[in-house]
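Numbering (the working numbering), first residue to last: 140 to 509.
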């Protein structure tokens, strides 16, 4: 239970007074949002996250996401690194996506859960700046990676161009993505404040981690958050949707009888898998972004269960960090066999599990189907 909870009415009134004093949402994990602050609302909201049953559900949900995300994404990276036949350009991008998700599962979600339950930042000033930055960084890397994959396949399939992306160039692209993401996420590490709020009447001092923008009001936060909504969600998904729509029509309408072979079939299956990854990302993050937009427009006051709604939408968004490995195992035979081989703990070569013809076909120089 949170440190402000008590059995007497005095403590309850003090908590209400503190909630009115602090920017609303200070305890609602504003540090976990990629581009938004939760300050601005002044009304006292209900907090069902203090109900024992709700806390048990939240602990179970976050723990399951962390466990599945850690195991699944670690396995994806392990398979790509260990087996030479899996070291393709597309798979390097998939490994980059898994690394970003793994960072969220290990560096963000445990702190998010504790802060949600305790209503107090217990992890010091350094992590106050690091945790929101890490999550924003990983989300930017994820969407940039999905965009690069879509554009590369668009070049190869729609225009029949041999991709010039070599393995070395793919590493350069990945480095540039991380650098760009680091710059975009930077304000969340810089404009942040770790402070203590005191309640003299009950001799209580609470640690608070919240955004602090130069303007001293919500203007800068709103500008930044809306900019990130555009750059982090709307614009990339528009580009990705356009690319995969063109790819789909190309594969559907421009297939000659002589090209109806295994290579064409693999392209379809791989494209379908990658589209599903994008759909999962978009669907999981949509409720969270809509809620954040409501915060920016000051519409959040209509929600009485403000903190619970925020937490539920955050849980849904975080589901995207563990679903991808499940999609790979379900829709791609190479990954499925790799997962099975790992869990069977058999010391066999990859070629014994993955058909040679599926491993060696290329769509162009430097690009191999996953």
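Virtual Cβ for every residue (Gly too), placed ideally from N, Cα, C. Note that the coordinates shown come from a computational prediction; the quantities given were computed from them, not determined experimentally.
Nearest-angstrom Cβ-Cβ length linking residue i and residue j, presumed shorter than 8 Å
{"i": "residue 478", "j": "residue 456", "result": "Actually they do not touch by this definition, with Cβ atoms about 25 Å apart."}
{"i": "residue 365", "j": "residue 316", "result": "The pair is not a contact, with the Cβ atoms about 22 Å apart (cut-off 8 Å)."}
{"i": "residue 420", "j": "residue 452", "result": "Not quite, the Cβ-Cβ distance comes to about 15 Å (not below 8 Å), so this is no contact."}
{"i": "residue 416", "j": "residue 466", "result": "6 Å"}
{"i": "residue 244", "j": "residue 450", "result": "The pair is not a contact, with the Cβ atoms about 17 Å apart (cut-off 8 Å)."}
{"i": "residue 331", "j": "residue 267", "result": "6 Å"}
{"i": "residue 383", "j": "residue 289", "result": "6 Å"}
{"i": "residue 193", "j": "residue 187", "result": "5 Å"}
{"i": "residue 252", "j": "residue 198", "result": "7 Å"}
{"i": "residue 368", "j": "residue 432", "result": "7 Å"}
Whole-angstrom distance between residue j and residue i, CA atom to CA atom
{"i": "residue 329", "j": "residue 323", "result": "12 Å"}
{"i": "residue 236", "j": "residue 208", "result": "12 Å"}
{"i": "residue 371", "j": "residue 447", "result": "24 Å"}
{"i": "residue 206", "j": "residue 410", "result": "28 Å"}
{"i": "residue 361", "j": "residue 435", "result": "6 Å"}
{"i": "residue 357", "j": "residue 391", "result": "49 Å"}
{"i": "residue 254", "j": "residue 274", "result": "15 Å"}
{"i": "residue 100", "j": "residue 218", "result": "Only positions 140 to 509 of the chain appear in the structure, and residue 100 is not among them; the question remains open."}
{"i": "residue 308", "j": "residue 233", "result": "15 Å"}
{"i": "residue 241", "j": "residue 342", "result": "40 Å"}
{"i": "residue 259", "j": "residue 346", "result": "6 Å"}
{"i": "residue 212", "j": "residue 238", "result": "7 Å"}
{"i": "residue 454", "j": "residue 210", "result": "18 Å"}
{"i": "residue 214", "j": "residue 350", "result": "35 Å"}
{"i": "residue 182", "j": "residue 285", "result": "Because the pLDDT at residue 182 is just 41, under 50, the model does not fix this residue reliably, and the value given afterwards should be weighed accordingly. Going by the C-alpha atoms only, they are around 39 Å apart."}
{"i": "residue 224", "j": "residue 296", "result": "22 Å"}
{"i": "residue 475", "j": "residue 305", "result": "26 Å"}
{"i": "residue 195", "j": "residue 444", "result": "18 Å"}
{"i": "residue 160", "j": "residue 279", "result": "Reliability of the predicted coordinates at residue 160 is poor, the pLDDT of 40 falling under 50, and no value is obtained from them."}
{"i": "residue 326", "j": "residue 483", "result": "46 Å"}
{"i": "residue 222", "j": "residue 406", "result": "21 Å"}
{"i": "residue 338", "j": "residue 352", "result": "25 Å"}
Beta carbon proximity, residue i to chain D, threshold 8 Å
{"i": "residue 265", "result": "Here there is only one protein chain, and chain D is not present."}
Per DSSP, the bridge partner or partners of residue i
{"i": "residue 343", "result": "338"}
{"i": "residue 331", "result": "350"}
Per-residue DSSP class, three states only, for residue i
{"i": "residue 222", "result": "coil"}
{"i": "residue 453", "result": "helix"}
{"i": "residue 212", "result": "helix"}
{"i": "residue 247", "result": "coil"}
{"i": "residue 325", "result": "helix"}
{"i": "residue 317", "result": "helix"}
{"i": "residue 435", "result": "helix"}
{"i": "residue 305", "result": "coil"}
{"i": "residue 458", "result": "coil"}
{"i": "residue 362", "result": "helix"}
{"i": "residue 355", "result": "coil"}
{"i": "residue 261", "result": "coil"}
{"i": "residue 428", "result": "helix"}
{"i": "residue 299", "result": "coil"}
{"i": "residue 229", "result": "helix"}
{"i": "residue 288", "result": "helix"}
{"i": "residue 240", "result": "helix"}
{"i": "residue 190", "result": "coil"}
{"i": "residue 463", "result": "helix"}
{"i": "residue 495", "result": "Because the pLDDT of residue 495 is 41, which lies under 50, any placement of that residue in the model is unreliable, and the number read from its coordinates should be weighed accordingly. Helix, per DSSP."}
{"i": "residue 392", "result": "helix"}
Option in the options with minimal Cα separation from residue i
{"i": "residue 348", "options": "296, 269, 423 and 186", "result": "269"}
{"i": "residue 299", "options": "422, 467 and 386", "result": "386"}
{"i": "residue 287", "options": "265, 228 and 326", "result": "228"}
{"i": "residue 204", "options": "414, 246, 224 and 341", "result": "246"}
{"i": "residue 458", "options": "258, 200 and 259", "result": "200"}
{"i": "residue 250", "options": "422, 467, 464 and 262", "result": "262"}
{"i": "residue 231", "options": "196, 350 and 314", "result": "314"}
{"i": "residue 418", "options": "408, 433, 318 and 462", "result": "462"}
{"i": "residue 472", "options": "425, 404, 424 and 188", "result": "404"}
{"i": "residue 344", "options": "190, 352 and 334", "result": "334"}
{"i": "residue 422", "options": "198, 373 and 272", "result": "373"}
{"i": "residue 226", "options": "198, 310 and 413", "result": "310"}
{"i": "residue 256", "options": "191, 281, 265 and 293", "result": "191"}
{"i": "residue 408", "options": "469, 424 and 367", "result": "469"}
{"i": "residue 293", "options": "378, 265, 359 and 338", "result": "378"}
Closer than 7 Å: residue i CB and nearest the ligand MG heavy atom
{"i": "residue 410", "result": "Although the ligand MG was asked about, the structure shown includes no ligands whatsoever."}
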